[in-house]
Each structure stands twice: as structure tokens, then as C-alpha cells.
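Residue numbers (the numbering used here): 3 to 371.
See below:
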């Protein structure tokens, strides 16, 4: 990636955040010669003038330190796209059932410092901040950012494995096919066929795992290839991606036996609770998952999103199997440009799972005497 294209990438990345946090003025609405300026502390929130910044400070100061981390991670996260992250991981020395959260996972990895420092001292890190037009933070801040960014990456295979456990699916007993619905740029930009190889460390000697990413915003790349029609090779994870809505993928590919039917469906914070076009977008997919009784687990960015999603699933008479906190959430704070002064969200922090239709018991009316 050239320095010019890298600069354009970072400018595009900042566009959703370019709104005055106080009066909501946007670049196009400012008078000639004026521009939005960032908070010099967090470099995440923008203001149109000093008066707005002063007025907003009592609210912003509560979130400024967390938003600073979000701004750092937004830059460092591009190393995933370029292939400099994630760092290599170790084989698991414990059964999956004994690894209950990040502390257990990190204990198996040993000292991460050499692996993080290899990325920290590479030319790619220096070029990154040059392209962003910013001075890099200190080494310790960058090490912590590298780990947070990698936690988002590893959260996906770890959550897939946890979903297998929730539904009693064991890839060491039989081959498994997993469909990741609602996949977009976050999951597929810069994606590689090895992105879910952490599953090999978790399930040594497994019978074969296929992961198919499906979504209308899938980005073309090495994983944009046909899914498997038959069982995949043992002890390997095969990753493919298909661009399109899931219910259409089902009709055009799965029903024509050009892809295996899934043993499990996972969606990483699909956001159907906020969808304005539920009937045209998520509703056909949700009904398909329900009617075919496919074990399904969706994650959410926060408890509120989870609660709204549960209400929708209850209205669709889904048989809910559980909800709550995910044991392997992303530790990378997510800031929303449209509402900057609020606590950040964290990917895959909550979940809800379901399978099939909720059984209803009909109660007979007592006969009149």
C-alpha cells in the first residue's frame, strides 16, 4: 500500500466521526475557511469551534480517556488488513472446557511481549502513523493496543467454538459446517484462509471444520471462493465467503446441494434489532433458521442490543436457549461517530441463542357443568 493510498484510507476511516460533538455540525455545513478540529487529548471527538468544545467538556471528560484508546486502536487495526497481525499463537495445553475466558487463554500463550514487540518495531508500524498524519503514542500504549486489536480477531474463532459447546457440537467426533451470517467488511476485509486456525489449536485431530462467511457486504479477497460440497479435510479449517443475503444463499447454493447444510449458524452483532428493513433483510433469514431448526447464536455489542434482539426473537416465536455475557469478548473499544460522548461498546460482548420454534401447550377449556 502506497503512502498516498494509506493516507486516503485513514481519511475515509475518520469520516463517520467528523461531526461536532456539541452542535452536530458537519464539514459541509461550516462556513468557508473553517474546519472541524479534534480534541487534542483523545483525537477521537471533533468540534467546530472552541466555544462548542468548552461547552461539551463537562460531558466529554468522562469518556475522553476511553475514546483515546478507541482512536489508537482504529489506526493500529489496519495492521490486520495489511497482514502484520494477528501474532502467532500456541497450541492449547488444556481442554476447551477448561478455558473459560481470556485469563485462561493468555495463561497458555506465555509472554506475549516478544511477539508484540516484533510488530511494534517493524517498519509497518512506523509507516502506519506517518500515513495517519499523527505522532505515534508510547510503546506501552501501542503494545496494549496491539493486544486489544488481536482480541477482536481471536474473539471470532473462540466465540464460534463456544457456540459449538453451547449446542453440544464436537468437531472431534464428526466434521462440522459453520455459517457466519451477516458477515461484512469487518470480518472479510483482508481476510485470509488461516483466520480461523485457532480452532485447530482448540480441537487437535478434529474431523474437519468448514466456515462459510455470508453477507451482502462481504469484501472480495482470498476467502471469496466456493464453499465445500462434501466434508472438508480432517484437521483443517476451510474458510470461504459468499456475497449476498443468507436466505438467497440458501436458495441458490445450499438447496441446490452446492454447499453443505450448516450444523451451526453464528452472527457477530448483526444488528437486526435496529434494522429499518427487517422484512426485506433479516426476517427471511431468521425465519429460515427457525423453521429448519438450525442451532444459532448471535452476539451483540451491548446489553441493550441483546435485549431488543431477544424481544424480536420472542415475537417470532423462537425457542430461545440462552443469553448473557460472552466469555471471549473483544477488548477493543468501539466508539460511534454519531454519538461520541458515551461509554464505548465491545464486539461480541453479549449473546443470544435459539433453535427452532417455541413449543406452545394448548390448554383445554373446562366443560361447563
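Glycine included, each C-beta is placed from N, C-alpha and C at the ideal position.
Item to check | Inter-residue Cα distance where the pair is residue 87 and residue 360 | outcome: Sequence index remark: in the chain shown, residue 87 carries index 85 (1-based). Sequence index remark: in the chain shown, residue 360 carries index 358 (1-based). Going by the C-alpha atoms only, they are around 43 Å apart.
Next on the checklist: Please report the distance separating the alpha-carbon of residue 114 from that of residue 94.
Outcome noted: Looking up residue 114 in the chain shown gives position 112. Looking up residue 94 in the chain shown gives position 92. If you take the alpha carbons of residue 114 and residue 94, they lie about 15 Å apart.
Checklist entry - Grouping DSSP H, G and I as helix and E and B as strand, with all else coil, what is residue 40? => result By one-based count along the chain shown, residue 40 stands at place 38. In the structure shown, residue 40 sits in a strand (DSSP, three-state: E or B).
Next on the checklist: Does the structure place the stretch 89-107 close enough to the stretch 61-80 that three or more beta carbon pairs sit under 8 Å?
Outcome noted: no
Checklist entry - In whole angstroms, what separates the C-alpha of residue 302 from that of residue 309? => result Here residue 302 corresponds to residue number 300 of the chain shown, with the count starting at 1. Here residue 309 corresponds to residue number 307 of the chain shown, with the count starting at 1. Answer to the nearest angstrom: the Cα atoms are 9 Å apart.
Item to check | According to DSSP, residues forming a beta bridge with residue 268 | outcome: Within the chain shown, the letter at position 266 stands for residue 268. Partner(s): 182, 299.
Next on the checklist: Quick check on residue 55: buried or exposed, where buried means 16 or more other Cβ atoms within 10 Å of its Cβ?
Outcome noted: Locating residue 55 in the chain shown gives position 53, counting from the first residue. Classification for residue 55: buried.
Next on the checklist: Our contact map puts residue 286 next to residue 46 with C-beta atoms below 8 Å; I'd like the distance itself, whole angstroms only.
Outcome noted: Within the chain shown, residue 286 is the residue found at index 284, counting from 1. Within the chain shown, residue 46 is the residue found at index 44, counting from 1. Between residue 46 and residue 286 the Cβ distance is about 37 Å, and since that is not below 8 Å, they are no contact.
Checklist entry - Alpha carbon to alpha carbon, how far is residue 12 from residue 53? => result The sequence position of residue 12 within the chain shown is 10, counting from 1. The sequence position of residue 53 within the chain shown is 51, counting from 1. Rounded to the nearest angstrom, the two C-alpha atoms are 27 Å apart.
Item to check | Closest residue to residue 231 among 177, 307, 59 (Cα-Cα distance) | outcome: Mapped onto the chain shown, residue 231 falls at position 229. When only C-alpha atoms are compared, the closest one is 177.
Item to check | residue 311 beta carbon less than 8 Å from that of residue 154 | outcome: The count along the chain shown starts at 1 and reaches residue 154 at position 152. The count along the chain shown starts at 1 and reaches residue 311 at position 309. No, Cβ-Cβ distance for residue 154 and residue 311 is not below 8 Å.
Checklist entry - Of all the alpha helix (DSSP H) runs that stay within the bounds of the stretch 137-201, which reach a length of 4 or more residues? => result 141-168, 187-190
Item to check | CA-to-CA distance, residue 36 to residue 271, given in whole angstroms | outcome: Residue mapping note: residue 271 aligns to position 269 of the chain shown, counting from 1. Residue mapping note: residue 36 aligns to position 34 of the chain shown, counting from 1. The alpha-carbon atoms of residue 271 and residue 36 are separated by roughly 37 Å.
Next on the checklist: Between the alpha carbons of residue 157 and residue 41, how many angstroms are there, rounded?
Outcome noted: Along the chain shown, read from residue 1 onward, the residue named residue 157 stands at position 155. Along the chain shown, read from residue 1 onward, the residue named residue 41 stands at position 39. Their backbone Cα atoms lie some 31 Å apart in a straight line.
Checklist entry - Roughly how far, in whole angstroms, is the beta-carbon of residue 130 from the beta-carbon of residue 77, given that I think they are within contact range, below 8 Å? => result Along the chain shown, one-based indexing puts residue 130 at 128. Along the chain shown, one-based indexing puts residue 77 at 75. The Cβ separation is near 6 Å, so the contact holds.
Checklist entry - Looking only at DSSP bridge pairs, what is residue 216 linked to? => result By one-based count along the chain shown, residue 216 stands at place 214. Answer is 183, 244.
Checklist entry - Would DSSP call residue 84 helix, strand or coil? => result Along the chain shown, one-based indexing puts residue 84 at 82. Residue 84 falls in the helix class under three-state DSSP.
Checklist entry - Hey, residue 133 and residue 9: beta-carbon distance below 8 Å or not? => result The residue given as residue 133 occupies position 131 in the chain shown. The residue given as residue 9 occupies position 7 in the chain shown. Yes, Cβ-Cβ distance for residue 133 and residue 9 is below 8 Å.
Next on the checklist: Which runs of the alpha helix (DSSP H) at least 4 residues long sit entirely within the stretch 302-367? Give them in chain order.
Outcome noted: 305-317
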